Amino acid sequence: MIELSEVHVTFNKDTPLETRALRGVDLNVPKGQFLTIIGSNGAGKSTSLNVIAGHTKLEVGHVKIDGQDVTNWPVYKRSKMLSRVFQDPKMGTCEDLSILENFALAHGRTRPRGFRYAVGASMRDEAAEQLKILGLGLEDRLNDKVGLLSGGQRQAVSLLMAATGDTKVLLLDEHTAALDPKTADFVLELTKKIVDDLKLTAVMVTHSMAQALHTGERTIMFHRGKIVFDAGGAERDNMEVADLLELFKREQGEELTDDALLLG
Amino acid sequence: MSLYEILGTLETGFIFGIVALGAYLTFQILDFPDLTVEGSFPLGAAVAATLIVAAGWNPWLATLTGGVAGFAAGFATAMLNVRFKILHILAGILLSISLYSINLRIMSGPNKPLLMVDTVFTSFEGLGLPGYIINPIFLGIMVLVIKLLLDAFLATGWGISMRAAGANPAMAEANGVNVGNMKLYGVGTANALTAIAGALFAQIFGAADAYMGIGVIIVGLASVIVGMSILPSRTIFLATLACLFGAVLYRLAVALALNADFLGFQASDVQLVTALLVAIALIAQQTGSFRTILRKGGRK
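Chains A and B supply the protein sequences, listed in that same order.
Number 264 marks the last residue of the first sequence (full-length UniProt numbering); no jumps.
Number 300 marks the last residue of the second sequence (full-length UniProt numbering); no jumps.
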């Protein structure tokens, strides 16, 4: 479903701040797979997500989604096939619009928008039905502006919005990192349920090794712009955070020192 | 102030209400401070006046064509910003100074008198009411219709896309909204409204003038700021209503300031008075005291 081939990304090229964010990344995510990405700060995990979504231009390489070469497609065009939940809960929803209008906006991602009223009776029913799943009582607050909701509520709504329409790929960019532990668990469980129910291809970037290993079916690890570790199936099922650290030490010949990775 | 003066103030207030709706669309909805209006207001006037006088066009069609020209001007400003990454304020300034020359070309001179020709306002002469009564009524209805159309548009699929493009561009893009296109059409539409207002202004005062655009940006902005700091603007319907109210109130305030003999202002001080009013409204908005003062004043 997602194919990255020989992807190189360099920020601030030919300046003193030059950073080689991705150095030859090859990645193939088959249809229906739930992939988790782990890595320390600056390893390239978020950059690779941005490359898939179209936010970051490639220096070399190609991106294919669902068999189509989308390397030169702008973000809004790619969003017909993929949806995204951001780390910042404020980013995923538009606070000046009502909950219902946000749903209508997400609805238009895969369908024509046109000059008809965005919010009809069928949209209202559909949104209410989906919001009921959350059990947060938001189905009774459809006309409230999203700015009135809490961070956790907004993230849950973002997730539902990302799942509307005929989306094929779900990109999750540390989407539980800014939430308190209880809400983070709630949003993570919801994520698993949605990906499962809709049989989506999903890519989740996370800071927490435990979360990466216990979510989805396959885990890759980025280090200095390259994929250093790729595990799935039984090998991954039996793996704990300590094994991952040991593996990293053996392969890279250095200790992993990022506290956020270890403590998360 | 006499009734005649009040009706005259309403007349210009309603015309600038159309400008205020455009300013609301750019400044509030799209978060795009657009200075093109300084040029597109006289552009609408110049196009309409020239078509009426030199080409003998139907004044309604000429006014509408002025609006189309305004759309093109706004579209060009947004194009400089979206495609060529020129700062939005600078893009607007570039367009408005180039429009100054273009307007002189269109009118083949600094102004175009509209005397002894049919204008949209002569259509009402047969109704038996004097112009100073029927014109404000017509303009009031017209600006309300435009307001309701804008409200309706902002509730459509395109409308909410435009609102999201202004409020949260990254989120809008991630939801398939072409943010650049929204700016092109939004700024275009705002300038079309401004140009139509310019065309009506020229017809009611009997001439199009190359200098009539000076201060239009401030008038539009002042109407939005004054209106929204006095009236509630929770919904689009209320917000656009507040803009119209602000436009009328602003004209009234200017008229009162110029009329009050003890203040000693002359007609030529209008720009100074405008700047003072806007500064006061902005300061009051910052300190949040404007609405409280009014509320307390009402309670006493």
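Built from N, CA and C at the ideal position, the CB exists for glycine as well.
Source: prediction; values computed, not measured.
Can you check which of these residues, the options, is closest to residue i by C-alpha distance?
| i | options | result |
| --- | --- | --- |
| isoleucine 29/B | Met116/B, Ile280/B, Leu150/B, Asp261/B | Leu150/B |
| glycine 188/B | Cys243/B, Ala73/B, Ile280/B, Leu43/B | Ala73/B |
| glycine 67/B | Glu173/B, Cys243/B, Ala197/B, Arg163/B | Ala197/B |
| valine 9/A | Glu3/A, Thr19/A, Gln68/A | Thr19/A |
| serine 98/A | Pro113/B, Ser161/B, Gly180/B, Val248/B | Ser161/B |
| leucine 190/A | Thr215/A, Val169/A, Thr206/A | Thr215/A |
| leucine 171/A | Ala178/A, Phe103/A, Leu159/A, Gly165/A | Leu159/A |
| leucine 51/B | Gln285/B, Ala170/B, Ile230/B, Ala202/B | Ala202/B |
| proline 30/A | Ile2/A, Thr15/A, Leu49/A, Val51/A | Ile2/A |
| glycine 54/A | Asn72/A, Asp173/A, Leu131/A, Gly39/A | Asn72/A |
| glutamine 211/A | Ala163/A, Val75/A, Glu240/A, Val228/A | Glu240/A |
| threonine 167/A | Gly151/A, Thr201/A, Val187/A, Asp125/A | Thr201/A |
| glutamate 6/A | Val25/A, Leu148/A, Phe229/A, Glu59/A | Val25/A |
| phenylalanine 14/B | Gly186/B, Leu249/B, Gly140/B | Gly140/B |
| aspartate 88/A | Ile86/B, Met171/B, Gly109/B, Trp158/B | Met171/B |
| threonine 235/B | Gly220/B, Ala155/B, Tyr250/B | Ala155/B |
| leucine 277/B | Phe262/B, Asp261/B, Ala257/B | Ala257/B |
| threonine 252/B | Leu10/B, Ser2/B, Leu3/B | One point to set straight first is that residue 252/B is leucine, not threonine, in the sequence displayed. Of the listed residues, the one whose Cα sits closest to leucine 252/B is Leu10/B. |
| phenylalanine 34/A | Ile220/A, Val146/A, Ala242/A, Glu251/A | Ile220/A |
Let me know the secondary structure DSSP gives residue i once reduced to three states.
| i | result |
| --- | --- |
| arginine 299/B | Because the pLDDT at arginine 299/B is just 43, under 50, the model does not fix this residue reliably, and the value given afterwards should be weighed accordingly. Looking at arginine 299/B - three-state DSSP - the assignment turns out to be helix. |
| asparagine 72/A | coil |
| glutamine 285/B | helix |
| leucine 221/B | helix |
| histidine 55/A | coil |
| alanine 267/B | helix |
| glycine 264/A | Any reading at glycine 264/A is ruled out, since the residue's pLDDT is 49, under 50, leaving its predicted position unreliable. |
| aspartate 26/A | strand |
| serine 199/A | Position check: residue 199/A holds lysine in this sequence, whereas serine was assumed. Coil. |
| serine 161/B | helix |
| arginine 83/B | coil |
| aspartate 230/A | strand |
| arginine 224/A | coil |
| methionine 81/A | coil |
| methionine 116/B | coil |
| glycine 56/B | coil |
| threonine 206/A | coil |
| arginine 111/A | coil |
| threonine 191/A | helix |
| threonine 122/B | helix |
| threonine 219/A | strand |
| threonine 156/B | strand |
| lysine 31/A | coil |
| aspartate 96/A | coil |
| glycine 128/B | coil |
| phenylalanine 75/B | helix |
| phenylalanine 86/A | coil |
| alanine 260/B | coil |
Tell me where the alpha helix (DSSP H) around residue i begins and ends.
| i | result |
| --- | --- |
| methionine 107/B | 88 to 107 |
| glutamate 18/A | Careful: glutamate 18/A lies outside any alpha helix (DSSP H) and carries neither H nor E. |
| isoleucine 29/B | Where isoleucine 29/B is concerned, there is no enclosing alpha helix (DSSP H), given that its DSSP letter is neither H nor E. |
| aspartate 243/A | 241 to 252 |
| proline 113/B | First-last for proline 113/B: 111 to 113, but that is the beta strand (DSSP E), not the alpha helix (DSSP H). |
| residue 388/B | Residue 388/B lies beyond the residue range present for chain B, which begins at 1 and ends at 300; the question has no answer from this structure. |
| glutamate 101/A | 99 to 107 |
| glycine 42/A | Unbroken run through glycine 42/A: none, as it is neither H nor E. |
| lysine 90/A | 89 to 92 |
Considering just the uninterrupted stretch of the beta strand (DSSP E) at residue i, what are its terminal residues?
| i | result |
| --- | --- |
| glutamate 3/A | 2 to 11 |
| threonine 36/A | 34 to 39 |
| glycine 131/B | Here glycine 131/B belongs to no beta strand (DSSP E); instead the alpha helix (DSSP H) covers 131 to 153. |
| histidine 62/A | 60 to 65 |
task = Inspect the CB distances between the region 12 to 24 of chain B and the region 217 to 237 of chain B and report whether three or more fall short of 8 Å.
result = yes
key: Those runs of the alpha helix (DSSP H) which lie wholly inside the region 114 to 180 of chain A and span at least 4 residues   = As far as the region 114 to 180 of chain A is concerned, its whole alpha helix (DSSP H) runs of at least 4 residues are 121 to 132, 151 to 163.
request  = Count the C-beta pairs between the region 126 to 137 of chain A and the region 75 to 87 of chain A that are closer than 8 Å, then say yes if the count reaches three, no if not.
outcome  = Counting Cβ pairs under 8 Å, fewer than three are found: no touch.
message = Taking 8 Å as the cut-off, does the region 186 to 201 of chain B touch the region 263 to 274 of chain B (at least 3 CB pairs, one atom from each stretch)?
response = no
task = Evaluate contact between the region 73 to 82 of chain B and the region 205 to 215 of chain B, counting only Cβ atoms and requiring at least three cross-stretch pairs below 8 Å.
result = no
key: Unbroken stretches of the alpha helix (DSSP H), 4 residues or longer, contained in the region 163 to 241 of chain B   = Taken in chain order, the whole alpha helix (DSSP H) runs of length 4 or more contained in the region 163 to 241 of chain B are 169 to 174, 179 to 205, 216 to 230.
query = Three or more beta-carbon pairs under 8 Å between the region 58 to 71 of chain A and the region 131 to 148 of chain B, yes or no?
reply = no
message = Can you confirm whether the region 108 to 116 of chain A touches the region 164 to 182 of chain B when touching is taken to mean that 3 or more C-beta pairs between the two stretches lie within less than 8 Å?
response = These segments touch.
request  = Could you tell me whether the region 139 to 147 of chain B touches the region 44 to 63 of chain A, using the rule of 3 or more Cβ pairs below 8 Å?
outcome  = Short answer: they don't touch.
inquiry  = Check whether the region 30 to 38 of chain B and the region 82 to 96 of chain B touch, using three or more Cβ-Cβ pairs below 8 Å as the test.
reply    = Below 8 Å, enough C-beta pairs join the region 30 to 38 of chain B and the region 82 to 96 of chain B to call them touching: three or more.
request  = Check whether the region 40 to 58 of chain B touches the region 212 to 219 of chain B, taking contact to mean three or more Cβ pairs, one atom from each stretch, closer than 8 Å.
outcome  = Yes: the two stretches touch, three or more of their Cβ pairs being nearer than 8 Å.
query = Taking contact to mean at least 3 C-beta pairs separated by less than 8 Å, is the region 118 to 136 of chain A in contact with the region 173 to 183 of chain A?
reply = no
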